[in-house]
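In the working numbering, the protein residues as written are 51 to 421. Positions of the beta carbon are idealized from the N, C-alpha and C atoms, including for glycine. To keep things clear, I will list the structure first and then write my remarks on it.
The following block contains the structure:
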């Protein structure tokens, strides 16, 4: 039977996954809760195409050299003898939860085990496949060191976690999450129309790395990722893309990164000639900005408050849209809502809905991406 602490943890995870945030944005915070529910050493998420090819990932503690091997040498982890994300997601007629709960014969002899799992300091794996609307969408994995394998009861908890993650994939809204985001870091890439980059700041390299692109989304890490070249194409050939803005947004662990391209020009150029002069200069700037989406910032403020799960949910939805949003998203009576609002006001020293929303939506100071 679950403890009261477990009940609170499940409630916090459910609220986070129902927040409208992109799954990759909420993953580090979700992982911190999952550690409470299923004790383990590290977690990882792989977002994939239906055939199991990954296009994004995040691993809590895998060394950089191990991640580089996974990204740059995918051929080492495919084939009938390997049990990597390609197979665990892509193979048909396989169980959704716990394919590696009892490792198949030969698993501990595979490249996957030696070059990825063991190289990261782990031994046992509990896996859960993500599916959305009949399509495979990713893989969640929990890892343990030698000594205590995962049990069937923990696989049941994994199934519940996977269901929450699938809901997050199905219901996310990047535009809504970024509507009042707090931007905390930015960087610049300078690109020529032929795709060469004469300047990439160290901060830009760091932000590009945080996007955690994999597979065809960034096949050669010696070059700029394809999305940068797409932005370049849009701005250099705007007539081909009359309805496309030269910008892109990526959900990343702990937030979002936006990339926007524009022609560079001399400071002080007159507005009428700025575009012409910058186009003639042949230089395009791609600005990268990291942001903490407002729903995530609000959730982080609430997670340490002395509130019941129901009261925390009321506070979260009130921050988004007041009492009406809380009532609509939670389906509770006016009497229950009133009791929760009273507790929330007390926890944050507020006396009105407007004051509460202002408190919970206050800009975060010094917001950074979790490492």
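Would you identify the three-state DSSP class for residue i, choosing helix, strand or coil?
i, result
"residue 13", "With the chain represented from 51 up to 421, any question about residue 13 goes unanswered, as that position is not in the structure."
"residue 77", "helix"
"residue 404", "helix"
"residue 109", "strand"
"residue 214", "helix"
"residue 313", "strand"
"residue 178", "strand"
"residue 119", "helix"
"residue 348", "helix"
"residue 373", "helix"
"residue 418", "Caution applies to residue 418, whose pLDDT of 42 falls short of 50 and renders its modelled position unreliable; the value that the coordinates give is listed next. Coil, per DSSP."
"residue 398", "helix"
"residue 84", "helix"
"residue 282", "helix"
"residue 165", "helix"
"residue 263", "strand"
"residue 40", "There is no way to answer for residue 40, as the model of the chain reaches only from 51 to 421."
"residue 318", "Legend: pLDDT at residue 318 = 44, less than 50; position of this residue unreliable, value from coordinates given subsequently. Residue 318: coil per DSSP, three-state reduction."
"residue 271", "coil"
Opposite residue i in the DSSP bridges: which residues?
i, result
"residue 308", "299, 339"
"residue 93", "192"
"residue 98", "104"
"residue 236", "339"
"residue 410", "Residue 410 is not bridged to any residue."
"residue 250", "239"
"residue 147", "178"
"residue 293", "None; residue 293 has no bridge partner."
"residue 185", "182"
"residue 391", "DSSP lists no partner for residue 391."
So which of the options has the shortest CA-CA distance to residue i?
i, options, result
"residue 240", "233, 251, 232", "251"
"residue 172", "106, 196, 191", "196"
"residue 312", "283, 299, 258", "283"
"residue 393", "315, 372, 355", "355"
"residue 193", "143, 90, 114", "90"
"residue 84", "58, 103, 69, 70", "58"
"residue 138", "109, 177, 388, 161", "177"
"residue 244", "114, 373, 333", "333"
"residue 272", "118, 108, 350", "118"
"residue 276", "292, 246, 293", "246"
"residue 255", "242, 269, 270, 274", "274"
"residue 167", "183, 380, 191", "191"
"residue 161", "198, 120, 143, 183", "120"
"residue 203", "151, 109, 253, 185", "151"
"residue 413", "87, 402, 348, 100", "348"
"residue 111", "140, 95, 337", "95"
"residue 406", "377, 351, 315", "351"
"residue 336", "221, 398, 242", "242"
"residue 182", "222, 401, 315", "222"
State yes or no: is the C-beta of residue i within less than 8 angstroms of the C-beta of residue j?
i, j, result
"residue 62", "residue 248", "no"
"residue 98", "residue 218", "no"
"residue 157", "residue 174", "no"
"residue 133", "residue 154", "yes"
"residue 105", "residue 267", "yes"
"residue 205", "residue 147", "yes"
"residue 81", "residue 69", "no"
"residue 189", "residue 215", "no"
"residue 289", "residue 257", "no"
"residue 375", "residue 410", "no"
"residue 169", "residue 116", "yes"
"residue 279", "residue 296", "no"
"residue 404", "residue 373", "no"
"residue 79", "residue 66", "yes"
"residue 309", "residue 346", "no"
"residue 100", "residue 220", "no"
Using a C-beta cutoff of 8 angstroms, does residue i count as contacting chain C?
i, result
"residue 104", "Protein chain content of the structure displayed is limited to a single chain, and chain C is not contained in it."
- Query: Would you call the segment 330-344 and the segment 292-310 touching, i.e. three or more CB-CB distances under 8 angstroms?
  - Reply: yes
- Message: For the segment 119-135 against the segment 208-215, do three or more pairs of beta-carbon atoms, one drawn from each stretch, fall closer than 8 angstroms, so that the two count as touching?
- Response: no
- Message: Does the contact criterion of 3 or more C-beta pairs under 8 angstroms hold for the segment 252-268 versus the segment 364-373?
- Response: Not touching, per the Cβ criterion.
- Message: Three or more C-beta pairs under 8 angstroms: does that hold for the segment 284-303 against the segment 73-83?
- Response: yes
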